[in-house]
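Q:
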Amino acid sequence: MSQNYCLLSCIALISLLYFAAADSPYRFFDWHVTYGHVYPLGVRQRGILINKQFPGPDIISVTNDNLIINVFNHLDEPFLISWDGIQQRKNSFEDGVYGTTCPIPPGQNFTYKLQVKDQIGSYFYFPSTAFHKAAGGFGGIRVLSRPLIPVPFPPPADDFTVLIGDWYKTNHKKLKTILDNGKRLHFPDGVHINGRRANDAVFTVEKGKTYRFRISNVGLQNTLNIRFQDHKMKLVEVEGTHTMQQLYSSLDIHVGQSYSVLVTADQEVKDYYIAVSTRFNDVIHTTTGILHYQGSNHAVSGPPPGGPTTEIGWSLAQARTIRTNLTASGPRPNPQGSYHYGEIPLSRTIRLMSSAAQVNEKQRYAVNSVSFVPADTPLKLADYFNIQGVFRADSIPDHPTGKKMYLDTGVMGADYRTFIEIVFENKENIVQTWHLDGYNFFVVGMDGGKWSAEKRGQYNLHDAISRCTVQVYPRSWTAVYLSLDNVGMWNVRTQFWARQYLGEQFYLRVYTPTRSLRDEYQIPDNALLCGRASK
């Protein structure tokens, strides 16, 4: 009887593994990271290429796919790639930021092992170390729905990646040196579409058909507005969440955010501008791409379509229209099942406020007065190997303290499987954008002025958008709800990259006292070890 039982158990296990592999296929990528010439503003510069491409190749995958990405670093300095919006369920070792992952040394390689577990949507990847993001090394990520899972719109005729961003003509190493010397960067020199100068990014369409455009702001600091001349954009997805399908003539995309829109080629057969402009600054940079109709003999002419009003209220009102499509199928953000996020009691409120100041006569930025300084060892490795003295789990307060800015390796402890509120407060005169690795959160409220507990009365507790990057308008606040269901060490940061580099970030340590594969994977067998972990 016991032999038969063991045989049946083995057969069941083999069957389970077979079907798991069949349902979750593996996709393999070999990437070679090199320097090369790029021309995003029409001037030759040294940029970062992946497989000789700028931007890098798209990652196209399906929900639950396993992605095996072997990255060869041919640069002259250590290098890391992070995956903006890919949640790394139970696996912050692969997050690709210095707080979790050792950089790839020059001349060496590292193989990332990722799974797009229970995700769909539009994202991007980018280099996270040494201000490399100012040189390129970024690309688009698509996570398609699994077969038989209905999508709330007909299949588009084609699917385009549109990477937009502000750009400097200055070499990224010089920019880094300016920051290291405690100085601020000047305003970026221009804007690109897919790493190309004005009118060089061309998207060909056929009259009468509908196309999906996955738009990501991969820039360094600026909100960008995008318009398709004489065409409407139907918003259908934001960072993995199907949205209510609103029509927009122009769309504000804050730095680090990703949107999917449908555009129908329903106009006269000719060429049309795709215009992208910076927002909310005295200096306005605009660049253009081309929406080219097949058979067109009429090139674009005249000025591109102008942007919307510069009033913050216009953008705030637009942001409030972006809501979750509750009737759509597909992976849903946690919490899910028989209860609703608006009905779950909060166990904790965290208030985060940014600030700018001089520390030791150098420009720095902070969260709750703590300006982050990297440790000599990735924090996740120190936590895993119990290396003492690398960080303190409560080295950043839950609330603004009003203290003078100081330097520390900010880590905030949080308990696994709790449900919390985070309020991002912005007393400055710039638009801030915040990102949390490893998670999506529900954007329940945003408004001008000062946040107070009474503001919860205006929260959207029904169909708030779930996303991983959110804006906070000048002298305003934004509130999110978050289910801490992903154990690990997760980066919380501004997407204003110079401010992030100079300290406006920290790590959220989502902790459980028992180590179990149910909650978190073991350290990868190929993990790079550095700092004190190398011993």
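One point on numbering: in our numbering, the residue at position 489 of the sequence shown is 474, and numbering is uninterrupted. The beta-carbon is built from N, C-alpha and C at its ideal position, and this holds for glycine as well.
(1) Are the beta-carbon atoms belonging to Asp393 and Ile381 less than 9 Å from one another?
(2) What does a CB cutoff of less than 6 Å around Phe14 pick up in its chain, not counting 5 residues either side in sequence?
(3) Rounded to a whole number of angstroms, what is the C-alpha to C-alpha distance between Asp504 and Val396?
(4) In terms of DSSP beta bridges, what is Pro112 paired with?
(5) Can you check whether the CB of Phe145 is closer than 9 Å to the CB of Arg182?
(6) Can you list, in chain order, the residues of its chain whose CB lies under 8 Å from that of Gln443, leaving out five sequence neighbours each side?
(7) Can you tell me where the beta strand (DSSP E) with Gln343 in it begins and where it stops?
(8) Find out if the Cβ-Cβ distance for the pair Ile149, Val176 is shorter than 9 Å.
(9) Which residues does DSSP pair with Ser235 in a beta bridge?
(10) Indicate whether the contact test is met: 3 or more Cβ pairs, each with one atom in the stretch 437 to 453 and one in the stretch 467 to 481, closer than 8 Å.
(11) Excluding the 5 residues flanking Pro459 on each side, which residues of the same chain have their C-beta closer than 7 Å to its C-beta?
(12) Would the beta-carbon of Thr418 fall within 9 Å of that of Gly241?
(13) When DSSP labels each residue in this structure, what does Gly374 get in the three-state scheme?
(14) Between the beta-carbon of Ile405 and the beta-carbon of Leu331, is there less than 9 Å?
(15) Whole angstroms is fine: what's the gap from Phe370's alpha carbon to Pro363's?
(16) Work out the CA separation of Tyr244 and Asp143 for me, nearest whole Å.
(17) Report all residues from its chain with a CB closer than 7 Å to the CB of Thr497; omit the five preceding and five following residues, and keep chain order.
(18) Can you give, in chain order, each stretch of the beta strand (DSSP E) that sits fully within the stretch 390 to 421 and has at least 3 residues?
(19) Could you pull the DSSP bridge partners for Gln456 from this structure?
(20) Taking 9 Å as the threshold (C-beta atoms), are Tyr108 and Arg522 in contact?
(21) In whole angstroms, give me the CA-to-CA distance for Arg264 and Gln214.
(22) Figure out for me which residue from Pro91, Asn51, Pro288 and Asp256 has the closest Cα to the Cα of His17.
(23) Per DSSP, what kind of secondary structure is Tyr486 in: helix, strand or coil?
(24) With DSSP collapsed to three states, give me the class of Phe59.
(25) Find the nearest neighbour of Leu52 within the set Val101, Lys75 and Thr294, judged by alpha-carbon distance.
(26) Mapping DSSP to helix, strand and coil, what is Tyr437?
(27) Taking the alpha-carbon positions, what's the His227 to Val221 distance?
(28) Indicate the three-state DSSP secondary structure (helix, strand or coil) for Phe39 in the structure shown.
(29) For His239, is the classification buried or exposed, using 16 other Cβ atoms within 10 angstroms of its Cβ as the cut-off for buried?
(30) Suppose the cutoff is 6 Å on Cβ atoms and the five residues either side in sequence are ignored; what does the same chain contact list for Gln72 look like?
(31) When you compare the CB positions of Tyr233 and Lys217, do they come within less than 9 Å of one another, or not?
(32) Within a Cβ cutoff of 6 Å, which residues of the same chain sit near Ser212, ignoring the five residues on either side of it in sequence?
(33) Secondary structure at Asp432, three-state DSSP: helix, strand or coil?
(34) Would you tell me roughly how many angstroms separate the C-alpha atoms of Asn476 and Lys365, rounded to the nearest one?
(35) Could you tell me the alpha carbon to alpha carbon distance between Lys168 and Phe481, rounded to whole angstroms?
(36) What did DSSP end up calling Phe145 once you bin it into helix, strand or coil?
A: Let me lay it out:
(1) Locating residue 393 in the sequence shown gives position 408, where the first residue counts as 1. Locating residue 381 in the sequence shown gives position 396, where the first residue counts as 1. Contact: yes.
(2) Position 29 of the sequence shown, counted from the start, is the residue given in the question as residue 14. Closer than 6 Å at Cβ, skipping near neighbours: Ile54.
(3) Position 519 of the sequence shown, counting from 1, holds the residue named residue 504. Position 411 of the sequence shown, counting from 1, holds the residue named residue 396. C-alpha separation (whole angstroms): 20 Å.
(4) For this step, residue 112 is matched to residue 127 along the sequence shown. Note: Pro112 sits in a beta bridge opposite Ile66.
(5) Walking along the sequence shown from the start, residue 182 turns up at place 197. Walking along the sequence shown from the start, residue 145 turns up at place 160. For Arg182 and Phe145, no; Cβs fall outside 9 Å.
(6) Translated into positions along the sequence shown, residue 443 becomes position 458. The residues are Gly430 and Asp432.
(7) To locate residue 343, count along the sequence shown from 1; it is residue 358. Element bounds for Gln343: Arg333 to Val344.
(8) The count along the sequence shown starts at 1 and reaches residue 149 at position 164. The count along the sequence shown starts at 1 and reaches residue 176 at position 191. In this structure, Val176 lies closer than 9 Å to Ile149 by Cβ.
(9) Numbered from 1 along the sequence shown, position 250 holds the residue referred to as residue 235. Arg212, per the DSSP bridge assignment.
(10) no
(11) Residue mapping note: residue 459 aligns to position 474 of the sequence shown, counting from 1. Hits under 7 Å: Ile297, Asn411, Glu413, Asn414, Ile415 and Val416.
(12) Locating residue 418 in the sequence shown gives position 433, where the first residue counts as 1. Locating residue 241 in the sequence shown gives position 256, where the first residue counts as 1. Contact flag set, yes.
(13) Locating residue 374 in the sequence shown gives position 389, where the first residue counts as 1. Coil at Gly374, not helix or strand.
(14) Mapped onto the sequence shown, residue 405 falls at position 420. Mapped onto the sequence shown, residue 331 falls at position 346. Contact: yes.
(15) Residue numbering aside, residue 370 sits at position 385 when the sequence shown is read from its first letter. Residue numbering aside, residue 363 sits at position 378 when the sequence shown is read from its first letter. C-alpha separation (whole angstroms): 11 Å.
(16) By 1-based counting over the sequence shown, the position of residue 143 is 158. By 1-based counting over the sequence shown, the position of residue 244 is 259. For Asp143 and Tyr244, the distance between alpha carbons rounds to 16 Å.
(17) On the sequence shown, residue 497 is found 512 positions in, with the first residue counted as 1. Closer than 7 Å at the Cβ level, and outside the excluded window around Thr497, lie Tyr401, Val472 and Asp504.
(18) 391 to 393, 396 to 400, 404 to 411 and 417 to 421
(19) Against the sequence shown, residue 456 aligns to sequence position 471. Thr418.
(20) Since the first residue of the chain shown is -14 and the last is 520, residue 522 is not available in this structure.
(21) The sequence position of residue 264 within the sequence shown is 279, counting from 1. The sequence position of residue 214 within the sequence shown is 229, counting from 1. Going by the C-alpha atoms only, they are around 18 Å apart.
(22) For this step, residue 17 is matched to residue 32 along the sequence shown. Nearest option by C-alpha distance: Pro91.
(23) Stepping through the sequence shown from its first residue, residue 486 is reached at position 501. Three-state DSSP puts Tyr486 in a helix.
(24) Counted from its first residue, the sequence shown places residue 59 at position 74. Note on residue identity: the sequence assigns His, not Phe, to residue 59. Note: His59 maps to coil in three-state DSSP.
(25) Locating residue 52 in the sequence shown gives position 67, where the first residue counts as 1. That would be Val101, whose Cα lies nearest to the Cα of Leu52.
(26) Indexing the sequence shown from 1 puts residue 437 at position 452. Correcting the residue type first, residue 437 is Ser in the shown sequence and not Tyr. In this structure, Ser437 counts as coil in the three-state DSSP scheme.
(27) Taking the sequence shown and counting its residues from 1, one reaches residue 227 at position 242. Taking the sequence shown and counting its residues from 1, one reaches residue 221 at position 236. One C-alpha to the other measures close to 6 Å.
(28) Position 54 of the sequence shown holds residue 39. Phe39 falls in the coil class under three-state DSSP.
(29) Start at 1 with the first residue of the sequence shown, and residue 239 comes out as number 254. Buried, since its Cβ has 16 or more Cβ neighbours within 10 Å.
(30) For the purposes of this step, residue 72 is identified with residue 87 of the sequence shown, where counting begins at 1. Same-chain partners within the cutoff: Gly423.
(31) Here residue 233 corresponds to residue number 248 of the sequence shown, with the count starting at 1. Here residue 217 corresponds to residue number 232 of the sequence shown, with the count starting at 1. Contact: yes.
(32) Taking the sequence shown and counting its residues from 1, the one referred to as residue 212 is at position 227. Note that residue 212 is Arg in the sequence shown, not Ser. Around Arg212: Ser235, Ala260 and Pro290.
(33) Mapped onto the sequence shown, residue 432 falls at position 447. Strand, per DSSP.
(34) Along the sequence shown, read from residue 1 onward, the residue named residue 476 stands at position 491. Along the sequence shown, read from residue 1 onward, the residue named residue 365 stands at position 380. Spanning the two alpha carbons is a distance of roughly 11 Å.
(35) Within the sequence shown, numbered from 1, the residue matching residue 168 stands at position 183. Within the sequence shown, numbered from 1, the residue matching residue 481 stands at position 496. Each residue's Cα considered, the two are about 15 Å apart.
(36) As a position in the sequence shown, residue 145 is number 160, starting the count at 1. Of the three classes helix, strand and coil, the one that applies to Phe145 here is strand, per DSSP.
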